[in-house]
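Chains as they are written, first to last, in full-length UniProt numbering: chain A, 1 to 381; chain Y, 1 to 315. No residue lacks a Cβ here, since even glycine has one placed at the ideal position from N, Cα and C. Predicted model only: the values in this text are computed from it and were never measured. This report concerns only the one structure given below.
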C-alpha cells in the first residue's frame, strides 16, 4: 500500500507546482486553442487568389474577356500589368507576382482554330491548330503554386463563345469518401491533436527530472524510500489528465468552429488518445533522464517534435515518403496515433482492427517507462 | 535497529578503509570510522576536504571505490534502500521545494515515508511547534530566510524519526543566533536517542561535538573527543604580546620548531613543537630583539589542533 502513497505524494506535488506555475498552466489551454485556430484557418492546400501579372499583346475585347474568365476561377488575382515579357519576368523574380499570363497578339486567330473550342478536331501535328491560346509563366520553385496554375491549363472556355466546349469524357470515375467537399481542415484537425499532444506532453515531462536536479530537489528525493518507477508514474499521471483536457478542447473546437465530424466511437477515441498521451509522456521522461539541464531537454524535445510534424503523415502522405523516412516515421508515436485518430475520427474504423498501431504504442509506453526507471539511478555516481 | 559493536561499544557507523576515487582524484583515502550511538559526531575540515563525499557514501548515495561500510548494521551500498527508512539527511544545499509551502513540503515528505492520516497531521503540527515554524506554515519555502529554511530542512529530515541523522554543513547560511538555537535542537535530538553526524568548518561547532574527525584532502588527520584532541596535541601554545607583531611573526616563522604563528589583535599565537622541552625560553632565545615582549603559555584550542594536524598536507 505504501507505494500508492508515494505515487500519490508525487502526483499532488506535481499538480500543486503546476497550479502555482501560472504561465505553464495557461499554456495548457492556450497552446491547443491558438494553434488550432491558427492552423485550422491557415493551412490550406487549395491555393486561391495567387497574385499574377498580365502581358496583353493583343489589347482586344477578346483578350479582356479571357482575363475576366480566368479571374472568375478565383485561383488567381490579376494585380499587375506589364508591357513586355522581360518586365514580367523581372516581376516574378522580385516576387511581385507569382505568375504571368501572356496573351499573344494573334489570340483571336489561335482561339478559333483551337481544339478546345471545337470548330475542328485537327491532328495534333498540325502546327496551325495545336498552338495554345495563351501562356502562363510561373514561379516553379513553389510546387503548390505551380500545381494550381497548371490546373488552369485545361480550363473550359465555354463562356467565351456561345458554343458548348468540346470536353473529353473522363477515363475514370472518382468518388470521394469521408471528405467529399475536399476541405483540408477535416484532415488537419485530428492531425493537430497528434502534433499538439506531442509538443506539450513531451515538453512537460522532458523537464520533469531535470528540473528536480537543477533546483537541488533530487538529492532530497533519492534520500527517501521513493522508488524510481514510483517517481516516474507519479510524474506522468497528472499530465495524462492535462492531455485529455487538451484533446477534448481541440476536438470540440474542431467540431464547433470547423465542422470536423467525429464519426467513430468516443470510447475508442478516448482509448487511443490515452495510449498516445502515455507514450509521449514516457518519451519525455526518457529525455529527462538523459538531459543534464533544461536547455538540453528542450533541444531534445524539438529534435523529436519536428519529425513528428513532418514525417508522421500530418503534412505529407506517409506513402509518398522514401523508405528511410518511413522507417524513421514508424519509430515515432505520432505516426501511429495519426493513423489511429484519423481512422477513428474520420472513417469510423473499428479500432481493434488496427492492432499494429495499438500494440506499437502500448509497447513503446511500457518499454519507455522501464527504460526511464532504469536510467534514473538513486545514486549520485 | 541492529548495529555493530566493537569493544562493547554500540556503533551506528562502522567504516573500514573506505575510499572514493573520482577518476584520478582521490577524494577519500582509507577512512576508518567508529561512531557511537546517541552521540553527536563531527566532521571538521576545510571546503573540498571530502566531508560531503564521506556523508554521501555513508548514506548510500555514492558507492565507495573500496573499503567496507556498515551503517546501523546494514551493509552499504547493497542495503541502501532498507537504510533509507532509518536515516535522515539534511543536504548542504537547500533541497525543499521552493514553490511549495512549509506545510506542503512536510506533508509531501511524510507521504513519501508512508506517514498519513491523523498520524501525519499530528507529527507535522508537532514539528511546526518544535522548530518554530507554526507562523510560517503557509509560507512558500522559497521566500524564507536562511535560518527558517534550515529549520524546515531539519524538520523534514527528522519527520520519520530516524535513528541516525546526517547534517551536511547545516549552518553555513545562517546567522550566529540561529546557529546557537540550531545546536540546542541538535542536543535535544541527541538527548532523545538520535545519533547525529554533522559536518562543519566552524571550530566552535566542532567543539560542541561528542566526537570529532579532522579531515584534510580526503585523509583523516585526527579522531577523538575535542578534549582528548586538545590534550594530546603535538604542540604547545604560547601567546606573545608585542607592539610590532608583523615583524615578529616573520621572524618566528623562520624558526624550524615553530609550527605556526597567527595574529589575534595585539597578540601572536605561536604553536611550537612539543619536543621542545622549555618552549618559553626557546622562543625567547629565537627573538633577536627581546624588548617589551611578554610570553604566556596558554591552553590549546581546537583551532590549534586543526592547524597542528593539517599543516603537513598544506605545504
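Measuring alpha carbon to alpha carbon, tell me which residue in the options is nearest residue i.
| i | options | result |
| --- | --- | --- |
| residue 205 (chain A) | A:231, A:316, A:85 | A:231 |
| residue 264 (chain Y) | Y:274, Y:273, Y:239 | Y:239 |
| residue 99 (chain Y) | Y:120, Y:138, Y:112, Y:121 | Y:138 |
| residue 93 (chain A) | A:68, A:141, A:29 | A:141 |
| residue 271 (chain Y) | Y:310, Y:243, Y:244 | Y:310 |
| residue 264 (chain A) | A:132, A:100, A:343, A:174 | A:343 |
| residue 35 (chain Y) | Y:67, Y:167, Y:224, Y:174 | Y:224 |
| residue 83 (chain Y) | A:376, A:249, A:322, A:223 | A:223 |
| residue 2 (chain A) | A:220, A:225, A:46, A:298 | A:225 |
| residue 371 (chain A) | A:292, A:249, A:306, A:229 | A:229 |
| residue 87 (chain Y) | Y:20, Y:161, Y:215 | Y:161 |
| residue 215 (chain A) | A:4, A:293, A:9, A:286 | A:293 |
Which bits of chain A does residue i rub up against, with CB to CB less than 9 Å?
| i | result |
| --- | --- |
| residue 91 (chain Y) | 216, 219, 220, 223 |
| residue 61 (chain Y) | 219, 222, 223, 378, 379, 380, 381 |
What's the call for residue i, buried or exposed, on a 16-neighbour Cβ count within 10 Å?
| i | result |
| --- | --- |
| residue 24 (chain Y) | exposed |
| residue 359 (chain A) | exposed |
| residue 49 (chain A) | exposed |
| residue 76 (chain A) | buried |
| residue 21 (chain A) | exposed |
| residue 14 (chain A) | buried |
| residue 95 (chain Y) | buried |
| residue 332 (chain Y) | Outside the shown range of chain Y (1 to 315) lies residue 332 (chain Y), about which nothing can therefore be said. |
| residue 78 (chain Y) | exposed |
| residue 350 (chain A) | exposed |
| residue 198 (chain A) | buried |
Residue i touches chain Y at which residues, Cβ-Cβ below 9 Å?
| i | result |
| --- | --- |
| residue 150 (chain A) | Within 9 Å Cβ-Cβ: nothing; residue 150 (chain A) doesn't reach chain Y, min ~58 Å. |
| residue 235 (chain A) | The contacting residues do not exist; residue 235 (chain A) stays about 14 Å from chain Y at best. |
Roughly how many angstroms separate the alpha carbons of residue i and residue j, rounded to a whole number?
| i | j | result |
| --- | --- | --- |
| residue 266 (chain Y) | residue 228 (chain Y) | 29 Å |
| residue 170 (chain Y) | residue 307 (chain Y) | 23 Å |
| residue 315 (chain Y) | residue 178 (chain Y) | A caution first: residue 315 (chain Y) carries a pLDDT of 35, below 50, which makes its placement in the model unreliable, though a value can still be read off. Rounded to the nearest angstrom, the two C-alpha atoms are 36 Å apart. |
| residue 315 (chain A) | residue 301 (chain A) | 19 Å |
| residue 294 (chain Y) | residue 43 (chain Y) | 36 Å |
| residue 340 (chain A) | residue 201 (chain A) | 18 Å |
| residue 309 (chain A) | residue 195 (chain A) | 6 Å |
| residue 52 (chain Y) | residue 30 (chain Y) | 16 Å |
| residue 154 (chain A) | residue 102 (chain A) | 16 Å |
| residue 269 (chain A) | residue 179 (chain A) | 19 Å |
| residue 108 (chain Y) | residue 235 (chain A) | 14 Å |
| residue 165 (chain Y) | residue 195 (chain Y) | 6 Å |
| residue 313 (chain Y) | residue 364 (chain A) | The predicted model places residue 313 (chain Y) with a pLDDT of 43, which falls under 50 and marks its position as unreliable; any figure quoted below should be read in that light. Approximately 55 Å, taken between the alpha carbons. |
| residue 91 (chain Y) | residue 237 (chain Y) | 36 Å |
| residue 65 (chain Y) | residue 15 (chain Y) | 13 Å |
| residue 23 (chain A) | residue 380 (chain A) | 32 Å |
| residue 58 (chain A) | residue 347 (chain A) | 52 Å |
| residue 354 (chain A) | residue 272 (chain A) | 11 Å |
| residue 65 (chain A) | residue 71 (chain A) | 10 Å |
| residue 91 (chain A) | residue 97 (chain A) | 6 Å |
| residue 197 (chain Y) | residue 277 (chain Y) | 38 Å |
| residue 317 (chain A) | residue 252 (chain A) | 25 Å |
| residue 136 (chain Y) | residue 124 (chain Y) | 13 Å |
| residue 235 (chain Y) | residue 253 (chain Y) | 15 Å |
| residue 159 (chain Y) | residue 122 (chain Y) | 11 Å |
| residue 5 (chain A) | residue 321 (chain A) | 48 Å |
| residue 1 (chain Y) | residue 11 (chain Y) | Because the pLDDT of residue 1 (chain Y) is 49, which lies under 50, any placement of that residue in the model is unreliable, and the question is left without a value. |
Between residue i and chain D, is the shortest Cβ-Cβ distance under 8 Å, so that the two count as touching?
| i | result |
| --- | --- |
| residue 111 (chain Y) | The structure shown contains no chain D; its protein chains are A and Y. |
Going along chain Y in order, which residues have a C-beta closer than 8 Å to the C-beta of residue i?
| i | result |
| --- | --- |
| residue 2 (chain A) | 114 |
| residue 374 (chain A) | Residues of chain Y passing the Cβ test: none, with the nearest at roughly 15 Å. |
| residue 226 (chain A) | 112 |
Could you tell me whether any non-hydrogen atom of the ligand NAP is closer than 7 Å to the CB of residue i?
| i | result |
| --- | --- |
| residue 250 (chain Y) | Judged by which ligands are present, the structure shown has none, so any question about the ligand NAP falls away. |
Output, in chain order, the set of chain A residues within a Cβ distance shorter than 8 Å of residue i.
| i | result |
| --- | --- |
| residue 98 (chain Y) | 215 |
| residue 190 (chain Y) | Near residue 190 (chain Y) there are no residues of chain A at all, since even the closest Cβ is about 21 Å away, more than 8 Å. |
| residue 299 (chain Y) | Chain A residues near residue 299 (chain Y): none, gap ~40 Å exceeds 8 Å. |
| residue 56 (chain Y) | 380 |
What does residue i touch in chain A if you count any residue whose Cβ is under 7 Å from its own?
| i | result |
| --- | --- |
| residue 68 (chain Y) | The contacting residues do not exist; residue 68 (chain Y) stays about 17 Å from chain A at best. |
| residue 85 (chain Y) | 225 |
Which chain Y residues sit within Cβ distance under 7 Å of residue i?
| i | result |
| --- | --- |
| residue 16 (chain A) | 100, 104 |
Worksheet entry | At least three beta-carbon pairs within less than 8 Å, the region 178-186 of chain A to the region 232-242 of chain A | Taking 8 Å as the limit for Cβ pairs, the verdict is that the region 232-242 of chain A does not touch the region 178-186 of chain A.
Fill in: Contact the region 247-259 of chain A vs the region 36-44 of chain A: 3+ CB pairs below 8 Å
Short answer: they touch.
Discussion item. Counting beta carbon pairs with one atom in the region 196-203 of chain Y and one in the region 221-236 of chain Y, are three or more of them shorter than 8 Å?
Written reply: Too few Cβ pairs lie closer than 8 Å, so no.
Worksheet item: Can you find at least 3 beta carbon pairs, one from the region 148-161 of chain Y and one from the region 120-133 of chain Y, that sit closer than 8 Å?
Response: With three or more CB-CB distances shorter than 8 Å, the region 148-161 of chain Y counts as touching the region 120-133 of chain Y.
Worksheet item: Can we say the region 205-215 of chain A touches the region 315-331 of chain A, given the rule of at least three CB pairs closer than 8 Å?
Response: Per the Cβ contact rule, the region 205-215 of chain A is not in contact with the region 315-331 of chain A (fewer than 3 Cβ pairs under 8 Å).
Fill in: At least three beta-carbon pairs within less than 8 Å, the region 82-91 of chain A to the region 46-61 of chain A
The region 82-91 of chain A, when compared against the region 46-61 of chain A, does touch it at the 8 Å Cβ threshold.
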